[in-house]
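I have placed the structure first, in the form of structure tokens, so that the comments after it can refer back to it.
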Amino acid sequence: MIVKELLDSKGKEIISIEGDNTVEAAIKIMTHRNVSAVIITRNGKPAGIFTERDVLRSYNKGGSQFDSLPLDQVMTADLIVAEPNEDLCQVMTVMIDKGIRHMPVAEQGRVIGMLSIRDVVKTQVGSIQSEIHHLKDYVSGM
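Here it is, written out as structure tokens:
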């Protein structure tokens, strides 16, 4: 399966916030939308990602002053992205190797979706279960 197929089945909603907003603003959006990561933008273009892990790092950087700590200072700026035609096995390998729980999907410099490790693993397990079922049918039909 490729990334685009997973995005088509799970949805492509992107939740983003400008980087000059505060950590508190991002936490409120994440809580309200029930998501674990948001894309950080600068002038409408992707500049980074802010995740639950970044909330913890923010605490170390600014204490509980989330209402005055800009996202630009605590976001993960080095985005590792997937492409729509990339194989999910490759994406899963990168996510595991890099310790990434959320990976934006980009096409022509634009973020078009977000994958979580849960999305990828769940899809891969479903695919493996289906393959096992077909193999059992094949073997028992011999």
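When the letters of the sequence shown are read in order and numbered with this note's numbering, they come out as residues 860 to 1001.
Even glycine gets a Cβ: it sits at the ideal position worked out from N, Cα and C.
Small disclaimer: the values here were computed from a predicted structure and weren't measured.
Let me make sure I understand the geometry here. Which of the options has the alpha-carbon closest to that of residue i?
i              : options                        : result
valine 984     : Asp879, Thr935, Cys948, Phe909 : Cys948
arginine 969   : Asp926, Lys904, Val882, Phe925 : Lys904
aspartate 867  : Phe925, Thr982, Lys995, Gly907 : Thr982
methionine 860 : Asp879, Glu911, Glu990         : Glu990
valine 980     : Gly1000, Val950, Val998        : Val950
Are the Cβ atoms of residue i and residue j separated by less than 8 Å?
i                 : j              : result
phenylalanine 909 : leucine 928    : no
methionine 954    : isoleucine 971 : no
leucine 865       : aspartate 978  : yes
serine 917        : valine 862     : no
Under a three-way DSSP split, which group does residue i fall into?
i              : result
isoleucine 917 : The residue you asked about is not isoleucine; residue 917 is serine in the sequence shown. Serine 917 falls in the helix class under three-state DSSP.
glutamate 877  : strand
aspartate 926  : coil
alanine 941    : strand
alanine 936    : coil
What's the call for residue i, buried or exposed, on a 16-neighbour Cβ count within 10 Å?
i          : result
serine 875 : buried
Quiz item: Should the region 899-916 be called in touch with the region 927-934, which here means at least 3 C-beta pairs below 8 Å?
Solution: yes
Quiz item: Taking contact to mean at least 3 C-beta pairs separated by less than 8 Å, is the region 956-972 in contact with the region 863-877?
Solution: yes
Exercise. Examine the Cβ distances between the region 884-897 and the region 950-959 and report whether three or more of them are shorter than 8 Å.
Key: no
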